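Working notes for the structure below.
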Amino acid sequence: MTAASETSRVGLVVVSHSEMLASGVAELAGQMAPDIAVLPVGGTEEGGLGTDYGAVVEALADADSGAGVVVLYDLGSAKMTAEMAVESADDPSRYTVVDASLVEGAVAAAVAAQGGAALAAVAAAAEGASGEAPVAVHDRAGQDRTGQDRTGQDRTGQGRSGQGRPALSIVPDAVSAEVLLTNEVGLHARPAALLARTVAQLDADVVVRYGDEEANAASVLALMGLGAPGGRSITVVATGKDAGEAVRRIEELAERGFDD
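Read in order, the letters of the sequence shown are residues 38 to 297 in the working numbering.
Below you can see the structure in the form of structure tokens.
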């Protein structure tokens, strides 16, 4: 089974030495994935800098709705605390501590979880956000954890100009459209997250292009990296069973300003 059940999704726990840092990262990631439990654990019980083993244990239980929990951390001792908490759980296999950039990893993991990805795929998304591992960006579209789609094209979100640009224009069943970004600020964090969540619901491989750059539409960070501002047009190219529906939904999102 490659996706979490309809009634439960992977949760996230952010462990930091600083309560403010953990809360800020959790707040940012939570805005990208409104249906996901993203719980911060920061500082000591006395309110100082450090980690609290008991608080991490409690957060793991609270964040687990049945599909497991991915844990991110800021520094090595926070990782140690998180791993100790996982090892003390009744079923440690339900929890995964990932080596990932804290902010980028949390955002990528949250979006993957929002899209219904399973525990291993959410963990891979977090790790891939820091460039340390391939991103599992679209289980439902027939991709494996190497980030390749059914045609063998790269879909890791790292597919920028000069780095394995997919020749989707020559794919017979490709559907494409020029889409005007009608919102003021273009593909910033929230619109990018909404677009990525929309793509995750469909059996399609989607690339967004702006100028000479391109991004996997399932990757929030890659979409934001395009720097596409409001009032400009992007090119959306999709393949797969739901290619036409994917393009149509993205056009609708843009027409209503991504609900900004």
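The beta carbon of each residue, even a glycine, is placed where N, CA and C say it ideally should be. Just so it is clear, the structure is predicted and the values come from calculations on it, not from any experiment.
1) With distance defined between alpha-carbon atoms, name the residue in A265, V245 and L97 nearest to V273.
2) Determine the direct distance from the alpha carbon of A145 to that of A166, and round the result to whole angstroms.
3) Per DSSP, what kind of secondary structure is A149 in: helix, strand or coil?
4) By DSSP's criteria, P77 is part of a beta bridge. Which residues make up the other side?
5) Alpha carbon to alpha carbon, how far is D297 from G281? Give it in angstroms, no decimals.
6) For S114, collect the residues of the same chain with a Cβ closer than 7 Å to its Cβ; drop the 5 residues on either side in sequence, then sort them by chain order.
7) According to DSSP, simplified to helix, strand and coil, what is T118?
8) Short check: CB of G45 to CB of S102, under 7 Å?
9) Could you give the distance in angstroms between the alpha-carbon of V301 and the alpha-carbon of V108?
10) By how many angstroms is the C-alpha of A237 removed from the C-alpha of G268?
11) Going by DSSP, what residue range makes up the beta strand (DSSP E) through A275?
12) State the Cα-Cα distance for the pair L112 and V257, rounded to the nearest angstrom.
13) State the start and end residues of the unbroken beta strand (DSSP E) segment that holds S213.
Result, derived from the coordinates:
1) To locate residue 273, count along the sequence shown from 1; it is residue 236. The shortest C-alpha separation from V273 is found at V245.
2) The residue given as residue 166 occupies position 129 in the sequence shown. The residue given as residue 145 occupies position 108 in the sequence shown. If I take the Cα positions, the gap works out to 6 Å.
3) Taking the first residue of the sequence shown as 1, we reach residue 149 at position 112. Three-state DSSP puts A149 in a helix.
4) Here residue 77 corresponds to residue number 40 of the sequence shown, with the count starting at 1. Answer is V51.
5) The residue you call residue 281 lines up with position 244 of the sequence shown. The residue you call residue 297 lines up with position 260 of the sequence shown. Going by the C-alpha atoms only, they are around 24 Å apart.
6) Taking the first residue of the sequence shown as 1, we reach residue 114 at position 77. Contacts found: T88.
7) Position 81 of the sequence shown, counted from the first residue, corresponds to residue 118. Of the three classes helix, strand and coil, the one that applies to T118 here is helix, per DSSP.
8) Within the sequence shown, the letter at position 8 stands for residue 45. Within the sequence shown, the letter at position 65 stands for residue 102. One point to set straight first is that residue 45 is Ser, not Gly, in the sequence displayed. In contact: S45 and S102 (Cβ atoms closer than 7 Å).
9) Residue 301 cannot be examined here, being either before or after the span of the chain that is shown, 38 to 297.
10) Along the sequence shown, one-based indexing puts residue 268 at 231. Along the sequence shown, one-based indexing puts residue 237 at 200. Going from the Cα of G268 to the Cα of A237 covers about 25 Å.
11) Mapped onto the sequence shown, residue 275 falls at position 238. Counting along the chain, the beta strand (DSSP E) containing A275 begins and ends at S270 to T276.
12) Within the sequence shown, the letter at position 75 stands for residue 112. Within the sequence shown, the letter at position 220 stands for residue 257. Taking the straight line joining both Cα atoms gives about 24 Å.
13) The residue you call residue 213 lines up with position 176 of the sequence shown. S213 -> beta strand (DSSP E) spans V212 to L217.
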